[in-house]
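Accompanying notes for the structure given below.
Protein chains: 2
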Amino acid sequence: MRKCAKCSEKGVIYLPQHRLALCKTHYLEWFENRVEKTVKTFSMFSKKDDILVAVSGGKDSLGVWHALWALGYKVDGLYINLGIGEYSELSEKKAKAFADKIGRKLHVVSLKENIADIPTLKELQDRPACSICGTLKRYYMNLTAKKLGYSVIVTGHNLDDECAVLMGNVLSWNIEYLVRQYPVLEEGNGFVRKVKPLCLVSEKESAMYAFLSGIDFVEDECPYSVGASSINYKLLMSKIEEESPGTKLRFYLEFIRKVRPMLAIKKDLHLRPCQVCGEPTTSDVCSVCRLRMRLENSKAEMRRDF
Amino acid sequence: MRKCAKCSEKGVIYLPQHRLALCKTHYLEWFENRVEKTVKTFSMFSKKDDILVAVSGGKDSLGVWHALWALGYKVDGLYINLGIGEYSELSEKKAKAFADKIGRKLHVVSLKENIADIPTLKELQDRPACSICGTLKRYYMNLTAKKLGYSVIVTGHNLDDECAVLMGNVLSWNIEYLVRQYPVLEEGNGFVRKVKPLCLVSEKESAMYAFLSGIDFVEDECPYSVGASSINYKLLMSKIEEESPGTKLRFYLEFIRKVRPMLAIKKDLHLRPCQVCGEPTTSDVCSVCRLRMRLENSKAEMRRDF
């Protein structure tokens, strides 16, 4: 490993796309500067905002929480317990330990208490678990942030996540999804502002930050995510990146800067409050309330059968 | 292999993205229909046009020549001998034999006689061989078509070629190149119309057509193309296609139909005739004439040294 570009220490990480070797101290500084620059470039939030980080217990969400806390932002955490056995229990424990360590609040929402755990819902629905889980996480993130008075929700999506989603949307040229792909989803229509401060750092950079910051994070992937197509796109992108460092960053940033503004935006989605829970939806009853109704019906049927 | 979808014969090919098994006779018919439909959809040319197919001696260019000839179009061939040793000699021989077989003319242009062979030019320039070769092929295709009075140039680019180029242009979001990516490049400004009738058939489909038509084509790739990035994008696209048949066709067609029209087109390139040869160029002297001058200078220097 080369020497750190900023001091005479031995480098601990080399960033090929930036042609930069850095020691531990300067890497942590570089990472936090990059996060802060991203926050400012996309006008995500300020030091006055009450920010809620959606944490899974993994390197990205705990890392972004740590970086924003270190940068002096007011950030609390929200852990949504999905009820996926030991994976969820361990994740919650690590998230709680981290919150205690930095002395910030961690709110916990249990899917089991609010609707049903993911294994139960997966049984009920013929949809991929990731799709159900995504819907529910977005719903409870938004609901909780509003209820507790947070003005911004932070998620830990990194550059690799964003590139994989972008690749999927590009391969099918889904204009509606492409237009929504941006580091900031504005507030309004019942939605709290949602931002991705890690969108310009790679998965490897994020893992290295969490590791060097001494964060005790969950290393296992969610058992339901195995074979999900976004993971395959990640592998493909990594291969291209290996051969040509900087490809991911250019692919994402040039899309955001040059191409996205050219895409014709569809008319408003005609969002209205769900007739059951009041959360924003495009139909009369939102997908989470429909899921809940289906669950109730299935329980009633089971009772009848006995 | 399943039975042919059109008769009771045993299928020889299965097309997963079309969910279609076909026998030899019906596959050749399917392929030619698909080529004709592509020609008509994009208004490429009519039976009145004098068409020149740029042939390399490979499956795609000889295949498209065969299909257009079988469909009753007036198509002659142009072989540009690149002077790449045995590879070029064998390719020319196979192109000539094919022309004789279908009773059409094959024009031959030798790079060595007109400027210099690719190995010599590669020595002279610090550019990838494929880039020099592409420039020269486009130049002599256009020049020859005009000189001989052909109104359309056909190239054998297939869906895999187009997807690999599209993927490269998408990864760097090169808008100028993206806008140019279309099955037809219109005539004008000194350029003959250029079209790609195989743009909606895959490499595998094209190879199968050439094979089942009994065409004796060159199977080796050009020795200079090994490791070219477009080939790696082909491998990546093939992996995605394998997991999700139809991805390539959708990626290309949806781009052409939906996205390309949204991209802001740059102003005209201000093409003007080259002051040396008169072919269209964006500078005073075209890149081929500059290459020729450089070659002359290098020869003069070598003479001085002796």
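Chains as they are written, first to last, in the working numbering: chain A, 3 to 308; chain B, 3 to 308.
Note that CB positions come from ideal geometry on N, CA and C, so glycine has one too.
Does residue i have its Cβ less than 8 Å from a Cβ in chain B?
i	result
V261 (chain A)	yes
P265 (chain A)	It should be pointed out that residue 265 (chain A) corresponds to Leu in this sequence rather than to Pro. Output row for L265 (chain A): interface = yes.
L173 (chain A)	yes
R129 (chain A)	no
L238 (chain A)	yes
E178 (chain A)	no
E88 (chain A)	no
E245 (chain A)	yes
I242 (chain A)	yes
T43 (chain A)	no
T122 (chain A)	no
T249 (chain A)	yes
Going by the CB atoms, is the gap between residue j and residue i shorter than 8 Å?
i	j	result
K76 (chain B)	D102 (chain B)	no
A7 (chain A)	L24 (chain A)	yes
Y235 (chain B)	I86 (chain B)	no
D78 (chain A)	R106 (chain A)	yes
K96 (chain A)	G59 (chain A)	yes
M264 (chain A)	L173 (chain B)	no
R252 (chain B)	L180 (chain B)	no
I82 (chain A)	K148 (chain A)	no
E221 (chain B)	D162 (chain B)	no
W175 (chain B)	K5 (chain A)	no
I155 (chain B)	A56 (chain B)	yes
V194 (chain A)	F44 (chain A)	no
Hey, how far is the Cα of residue i from the Cα of residue j?
i	j	result
K98 (chain A)	A131 (chain B)	58 Å
L54 (chain A)	Y141 (chain A)	14 Å
M46 (chain A)	V197 (chain A)	6 Å
L108 (chain B)	E94 (chain B)	10 Å
N191 (chain B)	E281 (chain B)	9 Å
K207 (chain A)	L70 (chain A)	For the sequence presented, residue 207 (chain A) should be read as Glu rather than Lys. Each residue's Cα considered, the two are about 16 Å apart.
F213 (chain B)	L255 (chain B)	26 Å
C26 (chain A)	P199 (chain B)	First, the residue type needs correcting, since residue 26 (chain A) is Lys and not Cys in the sequence shown. Each residue's alpha carbon lies about 56 Å from the other.
E91 (chain A)	M210 (chain A)	24 Å
Y89 (chain B)	G248 (chain B)	34 Å
W32 (chain A)	T157 (chain B)	50 Å
G74 (chain A)	V203 (chain A)	20 Å
H28 (chain B)	K124 (chain B)	45 Å
S10 (chain A)	E38 (chain A)	25 Å
S112 (chain A)	V41 (chain A)	30 Å
Q183 (chain A)	L273 (chain A)	19 Å
G216 (chain A)	E34 (chain A)	15 Å
E164 (chain B)	Y16 (chain B)	22 Å
A166 (chain B)	M239 (chain B)	7 Å
E223 (chain B)	S133 (chain B)	16 Å
K301 (chain B)	G136 (chain B)	23 Å
D307 (chain B)	T122 (chain B)	18 Å
I258 (chain A)	M169 (chain B)	17 Å
H68 (chain A)	H20 (chain A)	23 Å
D218 (chain B)	Q127 (chain A)	54 Å
L80 (chain B)	V110 (chain B)	6 Å
Counting only C-beta atoms, is residue i closer than 8 Å to chain A at any point?
i	result
R252 (chain B)	yes
F193 (chain B)	no
E256 (chain B)	yes
T283 (chain B)	no
T157 (chain B)	no
N299 (chain B)	no
N144 (chain B)	no
N234 (chain B)	yes
Buried or exposed: residue i, going by 16 or more other Cβ atoms within 10 Å of its Cβ?
i	result
E115 (chain A)	exposed
H159 (chain A)	buried
M143 (chain A)	buried
P18 (chain B)	exposed
V290 (chain A)	buried
T146 (chain A)	buried
M3 (chain A)	exposed
E245 (chain A)	exposed
K250 (chain B)	buried
V284 (chain B)	The sequence shown places Thr at residue 284 (chain B), rather than the Val named in the question. Exposed: under 16 other Cβ atoms inside 10 Å.
L150 (chain A)	exposed
Does the distance between the C-beta of residue i and the nearest non-hydrogen atom of the ligand HEM fall short of 7 Å?
i	result
V111 (chain A)	With respect to the ligand HEM, the structure shown offers nothing to examine, as it has no ligands at all.
Is residue i close to chain E, meaning its C-beta is less than 8 Å from at least one C-beta of that chain?
i	result
N83 (chain B)	Here chain E cannot be found, since the structure's protein chains are A and B.
Should the stretch 118 to 131 of chain A be regarded as contacting the stretch 289 to 299 of chain A, the criterion being three or more beta carbon pairs within less than 8 Å? yes
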